[in-house]
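Numbering (my numbering), first residue to last: 39 to 183. Yeah, the Cβ is synthetic: ideal placement off N, Cα and C, and Gly gets one too. Everything on this sheet refers to the single structure shown next.
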């Protein structure tokens, strides 16, 4: 018995094999960009409240967080941050999977500049550099299991 699946509009929104991210640094934050995403796979941000990413792209995003933590800007921001608990995992919630859209949501300090409430697609979003470590811990914990 052979099962054949054919593509079409229903299969067009699959996550890309090699997700591409961009990173720009300021003295206090990292701005992540994701220009190569379809609107269905674009990260969701509730400005100041949280971040949602497609579950299939979490491993790639974890690699981006690791790269941020190797950058000099991260260490300078951590050293000058007056809040010694800024990098704690407690700043972010554990990942919550939503089976309706296939996204994993982390409540925490992520922004995109839109003043409207609720999770909205965002091609770019910003995370304060001292807060990256906590998100990396939460993402790694979700991936582990």
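Note down, in chain order, each residue of its chain lying with its Cβ closer than 8 Å to the Cβ of residue i, except the 5 sequence neighbours on either side.
i: residue 178; result: 100
May I have the straight-line CA-CA distance separating residue i from residue j, to the nearest angstrom?
i: residue 123; j: residue 148; result: 17 Å
i: residue 172; j: residue 143; result: 14 Å
i: residue 130; j: residue 176; result: 7 Å
i: residue 180; j: residue 135; result: 9 Å
i: residue 165; j: residue 182; result: 23 Å
i: residue 65; j: residue 85; result: 20 Å
i: residue 70; j: residue 63; result: 9 Å
i: residue 58; j: residue 73; result: 8 Å
i: residue 139; j: residue 96; result: 14 Å
i: residue 111; j: residue 67; result: 8 Å
i: residue 98; j: residue 141; result: 14 Å
i: residue 146; j: residue 87; result: 5 Å
i: residue 60; j: residue 128; result: 26 Å
i: residue 119; j: residue 133; result: 25 Å
i: residue 113; j: residue 137; result: 36 Å
In this structure, how does DSSP classify residue i when only helix, strand and coil are distinguished?
i: residue 180; result: helix
i: residue 71; result: strand
i: residue 79; result: coil
i: residue 25; result: With the chain covering 39 to 183 only, the question about residue 25 has no answer from this structure.
i: residue 168; result: helix
Who are the near neighbours of residue i in its chain, counting only those whose CB is closer than 6 Å to its CB and skipping five residues on each side?
i: residue 83; result: 89, 148, 150, 160 and 163
i: residue 174; result: 103
i: residue 116; result: 168
i: residue 157; result: 82, 84 and 90
Counting only the same chain and skipping the five closest in sequence on each side, list residues whose C-beta sits under 7 Å from that of residue i.
i: residue 126; result: 172
i: residue 92; result: 53, 79, 140 and 141
Counting Cβ pairs closer than 8 Å, one from the segment 101-120 and one from the segment 147-162, do we hit at least three?
no
Runs of 4 residues minimum, wholly inside the segment 93-129: which ones carry the alpha helix (DSSP H) assignment?
96-108 and 110-118
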